[in-house]
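J.: Quick one: this structure, given as C-alpha cells, is what I'll be asking you about.
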C-alpha cells in the first residue's frame with residue numbers, strides 16, 4: 092500500500108455532479124464550533140472565543156500561549172479546525188491567581204498577510220476545556236462555478252439531507268496525498284511506540300483507514316442501511332450503542348427514520364462489540380489489511396465504534412451569482428468533505 096493507492100471510497104448517491112471551485116479563499120469555508128454549555132463566569136481558566144483565518148488550531152494555541160505567557164499544555168481545546176478556512180472555536184487558558192489581562196482583544200489580535208486572529212468573546216470557567224466536548228460544527232461553504240444545473244444540485248442536495256451520507260473520515264485525516272497512511276505503515280513495520288507518534292495521529296489514521304474500508308464494503312454490498320444480524324447501532328444524537336443479534340421490523344423502521352444508525356469499527360485490541368453476520372463482514376475487510384491490523388493491535392488501541400451514517404442538520408442551499416452556498420451542521424467528528432464528495436468533484440474531496 093502506498094500514498095498513491097489511497098482509495099476513492101465508494102459513493103452512495105452516484106457520481107458527483109461535475110466540478111466546482113472549492114476554497115478559492117478562506118472565507119469560502121467557514122466553521123463554527125457548537126458547545127453544549129457556556130462558561131460559568133468565574134474560575135481559574137480563561138475561556139476565549141476566537142476567530143482565526145488561514146491558521147491551524149495548533150498554531151493558534153502557540154500564538155495564544157506566547158501572547159499570554161503560558162505553556163501550551165495549559166491551553167485546552169475541544170477540536171481541531173481547518174487551516175485553509177475561517178473558523179470560530181473556544182480555547183481555555185489556565186491563569187491561576189492571575190487577572191484577565193487588560194486590552195485582551197488587542198493582545199491576542201493578529202494580522203499577518205492572509206493570517207488573522209480575532210477575539211470575539213471571553214469568560215472565566217472553573218475547568219479546562221477538554222477534547223471532544225463540543226456537540227457539533229456548523230459549516231458554511233461556497234461552491235463556485237459548478238458545472239451542474241441549479242435543479243440538479245438542488246435535487247441531489249435534498250437526497251443528501253434526507254438520506255444522509257457515508258460517514259467517511261475525510262482526506263485531511265490521511266494527509267497530503269494520503270501520506271499519513273504510508274507513514275503509519277512504516278512506523279508499524281518498526282513497531283509502534285508512543286514517542287514516535289506522540290499525538291497518536293498515525294495510529295488514528297490507520298484506524299480511520301480501516302473504518303472507511305468497512306464502510307465502503309457495506310456500500311458496495313448494498314447493505315449500508317440494512318440491519319445485519321449482530322449489528323451495533325448508535326442512538327442518533329448520543330454516544331449510546333446497543334447490539335441487535337436478530338434485527339426486526341421495528342429496528343428497520345427506526346433506521347429508516349434516522350433514530351438509529353449502524354456503526355463500523357474503530358479497530359483495536361480485544362473483542363469487538365459486533366457479532367454474527369456484521370462481525371463476519373468487518374473481519375473479512377480487516378483481514379485484507381494485515382499490517383494495519385497488526386500495528387493497531389500491537390499499539391494497544393481500545394476498540395470503539397463510529398456511526399456509518401452522517402446526517403446534515405439544519406441544511407440549506409442558496410443560489411448566488413457565482414455558484415451555490417451550502418450550510419449545514421454535523422455532529423462532532425463528522426467531516427464536511429464527506430457531504431461535499433457526494434455532491435461535486437474536486438481534487439480536495
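Residue numbers (this note's numbering): 92 to 440.
Heads up, the beta-carbon is just placed ideally off N, CA and C, and yes, glycines get one too.
As the structure is a computational prediction, the values presented were derived from the model and not from experiment.
Out of 175, 183, 130, which has the shortest C-alpha to C-alpha gap to residue 153?
T.: Looking up residue 153 in the chain shown gives position 62. Comparing Cα-Cα distances from residue 153 to each of 175, 183, 130, the minimum goes to 183.
J.: Measure the C-alpha to C-alpha separation of residue 269 and residue 276 and round it to an integer number of angstroms.
T.: Numbered from 1 along the chain shown, position 178 holds the residue referred to as residue 269. Numbered from 1 along the chain shown, position 185 holds the residue referred to as residue 276. Between residue 269 and residue 276, the C-alpha separation is close to 12 angstroms.
J.: Using 7 angstroms as the threshold, is the C-beta distance between residue 105 and residue 234 below it?
T.: As a working mapping, residue 105 is identified with position 14 in the chain shown. As a working mapping, residue 234 is identified with position 143 in the chain shown. Result no, Cβ atoms of residue 105 and residue 234 do not sit closer than 7 angstroms.
J.: Look at the alpha carbon of residue 398 and the alpha carbon of residue 324, and state the distance between them as a whole number of angstroms.
T.: For the purposes of this step, residue 398 is identified with residue 307 of the chain shown, where counting begins at 1. For the purposes of this step, residue 324 is identified with residue 233 of the chain shown, where counting begins at 1. Near 8 angstroms, if we compare the C-alpha coordinates of residue 324 and residue 398.
J.: Using the Cβ count rule (16 or more neighbours within 10 Å means buried), how would you classify residue 348?
T.: Walking along the chain shown from the start, residue 348 turns up at place 257. So residue 348 counts as exposed.
J.: Along the chain, where does the beta strand (DSSP E) containing residue 371 start, and where does it finish?
T.: Position 280 of the chain shown holds residue 371. Counting along the chain, residue 371 falls outside any beta strand (DSSP E), though it belongs to the alpha helix (DSSP H) covering 367-377.
J.: Keeping to the same chain, check which residues put their C-beta closer than 6 angstroms to that of residue 127; ignore five residues upstream and five downstream.
T.: Taking the first residue of the chain shown as position 1, residue 127 is located at position 36. Counting only Cβ-Cβ distances below 6 angstroms, and skipping sequence neighbours, we find 226.
J.: When the distance is taken between beta carbons, is residue 171 closer than 7 angstroms to residue 137?
T.: Mapped onto the chain shown, residue 137 falls at position 46. Mapped onto the chain shown, residue 171 falls at position 80. For residue 137 and residue 171, no; Cβs fall outside 7 angstroms.
J.: If you draw a straight line from the C-alpha of residue 196 to the C-alpha of residue 380, how long is it?
T.: Mapped onto the chain shown, residue 196 falls at position 105. Mapped onto the chain shown, residue 380 falls at position 289. Distance between the alpha carbons of residue 196 and residue 380 is about 50 angstroms.
J.: Thinking C-beta only, is residue 321 closer than 7 angstroms to residue 369?
T.: As a position in the chain shown, residue 369 is number 278, starting the count at 1. As a position in the chain shown, residue 321 is number 230, starting the count at 1. Yes, they are a contact pair.
J.: Rounded to the nearest angstrom, what separates residue 143 and residue 318 at their Cα positions?
T.: The residue given as residue 143 occupies position 52 in the chain shown. The residue given as residue 318 occupies position 227 in the chain shown. Those two C-alpha atoms are separated by around 42 angstroms.
J.: Indicate the three-state DSSP secondary structure (helix, strand or coil) for residue 105 in the structure shown.
T.: Locating residue 105 in the chain shown gives position 14, where the first residue counts as 1. DSSP places residue 105 in coil when its eight states are reduced to three.
J.: Determine whether the beta carbon atoms of residue 151 and residue 181 lie at a separation below 7 angstroms.
T.: The sequence position of residue 151 within the chain shown is 60, counting from 1. The sequence position of residue 181 within the chain shown is 90, counting from 1. Against a cut-off of 7 angstroms, the Cβ pair of residue 181 and residue 151 comes out as no contact.
J.: Given a cut-off of 7 angstroms, decide if residue 435 and residue 111 are closer than it, judged by their beta-carbon atoms.
T.: Taking the chain shown and counting its residues from 1, the one referred to as residue 111 is at position 20. Taking the chain shown and counting its residues from 1, the one referred to as residue 435 is at position 344. Yes, these two residues count as a Cβ contact at 7 angstroms.
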